[in-house]
Amino acid sequence: MTTAHPEHPSNPANSKRHPAHPDVSDDPMPDPESGPASEPAPEPMASHAPTSAAGPEPDEIPNAGTPVPDTAAPHGRRAWLRSTLIALVATIAIIAAAIAIAAAHSHSRQSPYPHTTATTQAPQFAATTVTLSKYYASNMVLQRDVPITIRGTVHVPTTDAAATTDTTTSTPSPRQTLRAFNVRMVSDEGVKDAKMHVDDDGAFTATFTPTPGSPTPHVVEFRMSSTPVRVLANVVFGDVFLASGQSNMELNITQYYGNADAQYSNTKGRFTMRDLPAPITDADVRFTVAGRTAGDVDFPALYDTDQRWLTATDTESTNALSFLAQSFAQHVRESDPTIPVGIVQTAWSGTAIARHEVDGDIYASHIKPLRGVRLAGMLWYQGCDDARGANTVRIYTQQMVRLINQYRADFDDDDLPFLYVQLARFVTDDDFRGIREQQLDVLKSPQLNNADNIGMTVSIDTDKGTDAVIHPLGKDVLGARMAAQWLAMRQGQTVPNGPIIEEATTVTSKPTSESTKKSTSSVRLTFAKGTADALGVRVPNRKTTADIDDISTTTSKALEGFEVAGADGAFVPAKAAIDGDTVVLTSDDVDEIRSVRYLYENDPQEQRLLYNGDLPASPFEIDVTR
1 MTTAHPEHPS
11 NPANSKRHPA
21 HPDVSDDPMP
31 DPESGPASEP
41 APEPMASHAP
51 TSAAGPEPDE
61 IPNAGTPVPD
71 TAAPHGRRAW
81 LRSTLIALVA
91 TIAIIAAAIA
101 IAAAHSHSRQ
111 SPYPHTTATT
121 QAPQFAATTV
131 TLSKYYASNM
141 VLQRDVPITI
151 RGTVHVPTTD
161 AAATTDTTTS
171 TPSPRQTLRA
181 FNVRMVSDEG
191 VKDAKMHVDD
201 DGAFTATFTP
211 TPGSPTPHVV
221 EFRMSSTPVR
231 VLANVVFGDV
241 FLASGQSNME
251 LNITQYYGNA
261 DAQYSNTKGR
271 FTMRDLPAPI
281 TDADVRFTVA
291 GRTAGDVDFP
301 ALYDTDQRWL
311 TATDTESTNA
321 LSFLAQSFAQ
331 HVRESDPTIP
341 VGIVQTAWSG
351 TAIARHEVDG
361 DIYASHIKPL
371 RGVRLAGMLW
381 YQGCDDARGA
391 NTVRIYTQQM
401 VRLINQYRAD
411 FDDDDLPFLY
421 VQLARFVTDD
431 DFRGIREQQL
441 DVLKSPQLNN
451 ADNIGMTVSI
461 DTDKGTDAVI
471 HPLGKDVLGA
481 RMAAQWLAMR
491 QGQTVPNGPI
501 IEEATTVTSK
511 PTSESTKKST
521 SSVRLTFAKG
531 TADALGVRVP
541 NRKTTADIDD
551 ISTTTSKALE
561 GFEVAGADGA
571 FVPAKAAIDG
581 DTVVLTSDDV
591 DEIRSVRYLY
601 ENDPQEQRLL
611 YNGDLPASPF
621 EIDVTR
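Straight run, no breaks: the sequence shown in UniProt numbering ends on number 626.
The structure is reproduced here in structure tokens:
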């Protein structure tokens, strides 16, 4: 009779809730391949019952279960007792056989493991192991609605090989041994087998057909024949996002505000811990964090003690997740609470973009091990480090375009949404304004393999008055804006944007005085399609208590922040007026406007800014078309 593994209770009385994961049950799942749970065990065949030549079969004994009267003759009583004994033995044998078959059938019907991260191996495969990237773990989120390929290596020593090959073969080949290896997913909704490719060295790919998103837990079984040798438990399908860049993407409680010294270093006395976003609480937001290990190594999962992704269900876990990523996930989840969200956090503070490119050491450890993983989008916030030198500023656009093209190829999606943050205000001598201009130029770069599904989030108004801090407040606002862009991309709608400058053209140049012959120059600014449908003037809320809903307010006063220059290149303030979906600039101090710029400072202080709806215009500098 089949015996249940001690960690895999087949008796419902042994089931319990997993102590570390209250949302994960240890109740084995039914195996749909074994039929419905209520299916009765097969009846044993009559020939399996023991018989005796000395007496009739049980069904030939009249009234076999009726007691014999005390007055029965001795010979008849002995015959009756012998017949009854034969019938009793046969009945017991039939019952025992039925129980054994039913128990074996029930055991095969159940999932061979509880919902834990334990690796389960039958004795004949005790030495077989499956190696996966640390990215793959229990509790993880796999991307919905696309084919999923899992790569790894199965190691089958000769002691286990005999269990999978013909015993008449003296030396089984690797292919004979590995032919029995397979991968499948089991859930309440059924069983899905992967299409397998296994090399002679054990390297394998297991490809699953698309699965819709839902909170339904799946177990991924890596099996030799029908025996699991490794499992990933409580895996769900949803939308998975890579959150990368440097410290303003990585920013979280654990790493940046974990003690008094860190808190002072990152607040500079400009705000308090109470001003930071409250951590989210959502069991269907799950995440993994890459540690600061670079070079040609496996994905360096930082919190992999239990070989599982973390869930945003308690403060201790969520404090390790990026503020920006939390806000983004929260707003994506609000749009459809039935779809889980996964965050793969690979940001690393103080890093230049070159380290994240294909030849970089961070790319080698954080991105290369994930090649072929499917995502719903990329979140990127980086550029502070590259603002330090003129050479790195000058080439930033081409580096970022190259990175976008490369990552889309790595994750097998030419249309992969790539959402990035333009640098915020900061009091610095570094060239933040130059990096902002380079980031703006990415949107219209001809070097992009595909310009679709690329969105820039402007942060010039989001710091809540903390522009003296390298890690300003406002990550909650940025996450909400990025989520709105991604949702629009997902749904095929117009992506929300602030005004994106497209062209500056000369309007008039006429004398204002016959005596002085002094001219007033005018220039009309036009903006990219869909980014100037609701132009207006708004004032950013620069209080630390500002939130997403009141980060800016409308005003009827005139625009600020525009400057113009003539042939001498000297910029002076210009008057600006909204005219439909354009802005007209005028200046009495420049005879012929050659160049225009807007908020072109590291830390602009202007109050009345240009918006499209409630989204601010990007700072820019542009030459005038004459």
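Quick reminder that beta carbons are idealized off the backbone N, C-alpha and C, glycines included. These numbers come from a predicted model, not from an experiment.
- Determine, using beta-carbon pairs with one atom in the stretch 177–189 and one in the stretch 216–228, whether at least three such pairs fall under 8 angstroms. yes
- Note down, in chain order, each residue of its chain lying with its Cβ closer than 8 angstroms to the Cβ of Met482, except the 5 sequence neighbours on either side. Position 482 of the sequence shown, counting from 1, holds the residue named residue 482. Cβ neighbours of Met482 beyond the five flanking positions: Leu324, Phe328, Leu379, Leu419, Val421, Gly455 and Thr457.
- Considering only the beta carbon of each residue, do Val146 and Arg374 sit closer than 8 angstroms? Reading the sequence shown from its first residue, position 146 is the one you call residue 146. Reading the sequence shown from its first residue, position 374 is the one you call residue 374. Their beta carbons are under 8 angstroms apart, which means Val146 touches Arg374 by this criterion.
- Query: In angstroms, rounded to a whole number, what distance separates the CA positions of Pro619 and Leu473?
  - Reply: Looking up residue 619 in the sequence shown gives position 619. Looking up residue 473 in the sequence shown gives position 473. Roughly 20 angstroms separates the two Cα atoms.
- In chain order, what residues of the same chain have a beta carbon less than 6 angstroms from the beta carbon of residue 651, not counting five sequence neighbours either side? This structure leaves residue 651 out entirely; the chain is present only between 1 and 626.
- Item | Element boundaries [alpha helix (DSSP H), containing Arg355] | Taking the sequence shown and counting its residues from 1, one reaches residue 355 at position 355. For Arg355, there is no enclosing alpha helix (DSSP H), as DSSP marks it with neither H nor E.
- Cut-off 6 angstroms between Cβ atoms - residues of its own chain near Ala577, not counting five sequence neighbours on either side: By 1-based counting over the sequence shown, the position of residue 577 is 577. The beta carbon of Ala577 lies closer than 6 angstroms to those of Val584 in the same chain, with the five residues before and after it left out.
- Query: Between Ser244, Pro417, Thr351 and Arg490, which lies nearest to Ala290 when the distance is taken from Cα to Cα?
  - Reply: Taking the sequence shown and counting its residues from 1, one reaches residue 290 at position 290. Cα-wise, what sits closest to Ala290 is Ser244.
- Check each candidate in Asn248, Ala278, Ala283 and Pro417 and name the one with the smallest Cα separation from Asn266. Residue mapping note: residue 266 aligns to position 266 of the sequence shown, counting from 1. Of Asn248, Ala278, Ala283 and Pro417, the residue nearest in Cα terms is Asn248.
- Nearest residue (CA-CA) to Asp431, options Val393, Thr397, Gln345 and Gln406: Here residue 431 corresponds to residue number 431 of the sequence shown, with the count starting at 1. Ranking the options by Cα distance to Asp431, first place goes to Val393.
- Message: the ligand ATP and Phe411: does any heavy atom of the ligand fall closer than 7 angstroms to the residue's C-beta?
- Response: As far as ligands go, the structure on display features none, and thus does not contain the ligand ATP.
- For Pro496 versus Ala504, is the C-beta spacing smaller than 8 angstroms? On the sequence shown, position 496 is the one that residue 496 refers to. On the sequence shown, position 504 is the one that residue 504 refers to. No.
- Task: Look up Gln485 in the DSSP assignment and give the residues it is bridged to.
- Result: Indexing the sequence shown from 1 puts residue 485 at position 485. Per DSSP, none; premise fails for Gln485.
- Can you give the Cα-Cα distance for Leu416 and Leu443, rounded to whole angstroms? Against the sequence shown, residue 416 aligns to sequence position 416. Against the sequence shown, residue 443 aligns to sequence position 443. Approximately 15 angstroms between the Cα atoms of the pair.
- Hey, Glu437 and Arg402: beta-carbon distance below 8 angstroms or not? As a first step, residue 437 must be located in the sequence shown, where it is residue number 437. As a first step, residue 402 must be located in the sequence shown, where it is residue number 402. Result no, Cβ atoms of Glu437 and Arg402 do not sit closer than 8 angstroms.
- Query: What span of residues does the beta strand (DSSP E) with Leu440 cover, start to end?
  - Reply: Counting from one through the sequence shown, the residue named residue 440 turns up at place 440. Element bounds for Leu440: not the beta strand (DSSP E) but the alpha helix (DSSP H), Phe432 to Val442.
- Message: Beta-carbon within less than 7 angstroms of Thr531's beta-carbon, same chain only, minus the 5 sequence neighbours each way: which residues are those?
- Response: Translated into the one-based positions of the sequence shown, residue 531 becomes position 531. For Thr531, where only same-chain residues beyond five positions count, the Cβ hits under 7 angstroms are Asn497, Gly498, Pro499, Ile500 and Asn612.
- For Asp623, does the three-state DSSP call read helix, strand or coil? Here residue 623 refers to the residue found at position 623 when the sequence shown is read from its first residue. Strand.
- Considering only C-alpha positions, which residue in the set Thr520, Ser522 and Lys557 is nearest to Gly536? Stepping through the sequence shown from its first residue, residue 536 is reached at position 536. Here the closest residue by C-alpha is Lys557.
- Message: Per the DSSP calculation, Gly152 is bridged to which residue(s)?
- Response: Working through the sequence shown from its first residue, we reach residue 152 at position 152. The partner list for Gly152 (beta bridge, DSSP) reads Leu132 and Phe204.
- Message: Extract the residue ranges of the beta strand (DSSP E) inside the stretch 186–260, only unbroken runs of 3 or more that lie entirely within it.
- Response: 190–193, 195–198, 203–208, 214–224 and 227–245
- Query: From which residue to which residue does the alpha helix (DSSP H) around Phe328 run?
  - Reply: Residue mapping note: residue 328 aligns to position 328 of the sequence shown, counting from 1. Note, Phe328: alpha helix (DSSP H), Phe323 to Ser335.
- So, is Lys268 buried or exposed, given that buried needs 16 or more other C-beta atoms within 10 angstroms? Counted from its first residue, the sequence shown places residue 268 at position 268. The residue in question, Lys268, is exposed, as its Cβ has fewer than 16 Cβ neighbours within 10 Å.
- Task: Counting only runs of 4+ residues fully inside the stretch 512–578, write out the alpha helix (DSSP H) ranges in chain order.
- Result: none
- Distance between Val477 and Tyr381 (C-alpha atoms, nearest Å): Residue 381 sits at position 381 when you count from the first residue of the sequence shown. Residue 477 sits at position 477 when you count from the first residue of the sequence shown. Rounded to whole angstroms, Tyr381 and Val477 show a C-alpha spacing of 14 angstroms.
- Go through its chain and collect everything with a Cβ distance to Ile253's Cβ below 7 angstroms, but skip five positions before and after it. Here residue 253 refers to the residue found at position 253 of the sequence shown. The answer, listed in chain order, is Asn319.
- Message: Excluding the 5 residues flanking Ala203 on each side, which residues of the same chain have their C-beta closer than 6 angstroms to its C-beta?
- Response: For this step, residue 203 is matched to residue 203 along the sequence shown. So the list reads Thr153, once near-sequence residues are dropped.
- Query: Taking the C-alpha atoms as reference points, what is the distance between Pro446 and Leu251?
  - Reply: Along the sequence shown, one-based indexing puts residue 446 at 446. Along the sequence shown, one-based indexing puts residue 251 at 251. For Pro446 and Leu251, the distance between alpha carbons rounds to 33 angstroms.
- From which residue to which residue does the beta strand (DSSP E) around Met378 run? Position 378 of the sequence shown, counting from 1, holds the residue named residue 378. Where Met378 is concerned, the enclosing beta strand (DSSP E) stretches over Gly377 to Tyr381.
- Query: Between the C-alpha atoms of Ala574 and Ser133, what's the straight-line distance to the nearest angstrom?
  - Reply: For the purposes of this step, residue 574 is identified with residue 574 of the sequence shown, where counting begins at 1. For the purposes of this step, residue 133 is identified with residue 133 of the sequence shown, where counting begins at 1. Going from the Cα of Ala574 to the Cα of Ser133 covers about 57 angstroms.
- Report, in whole angstroms, the separation of the C-beta atoms of Phe241 and Ile148, which I expect to be a contact under 8 angstroms. Translated into positions along the sequence shown, residue 241 becomes position 241. Translated into positions along the sequence shown, residue 148 becomes position 148. That pair is no contact at about 16 angstroms.
- Item | Own chain residues within Cβ distance below 6 angstroms of Met400, not counting five before or after | Start at 1 with the first residue of the sequence shown, and residue 400 comes out as number 400. Result list for Met400: Val442, in chain order.
- Task: Please say whether Asn405 and Leu448 have beta carbons closer to each other than 8 angstroms?
- Result: Indexing the sequence shown from 1 puts residue 448 at position 448. Indexing the sequence shown from 1 puts residue 405 at position 405. Contact flag set, yes.
- Task: Check Ser618 in the structure and name its three-state DSSP category.
- Result: On the sequence shown, residue 618 is found 618 positions in, with the first residue counted as 1. If DSSP states are grouped into helix, strand and coil, Ser618 belongs with coil.
- Task: Would you tell me roughly how many angstroms separate the C-alpha atoms of Asp623 and Ala480, rounded to the nearest one?
- Result: Locating residue 623 in the sequence shown gives position 623, where the first residue counts as 1. Locating residue 480 in the sequence shown gives position 480, where the first residue counts as 1. Computed Cα separation, rounded: 33 angstroms.
- Message: Just to confirm my understanding: we take Pro616, look at its own chain, exclude 5 residues before and 5 after, and list those with CB closer than 6 angstroms. What are they?
- Response: Within the sequence shown, residue 616 is the residue found at index 616, counting from 1. So the qualifying residues of the chain are Val458, Ile460, Asp461, Gly498 and Leu609.
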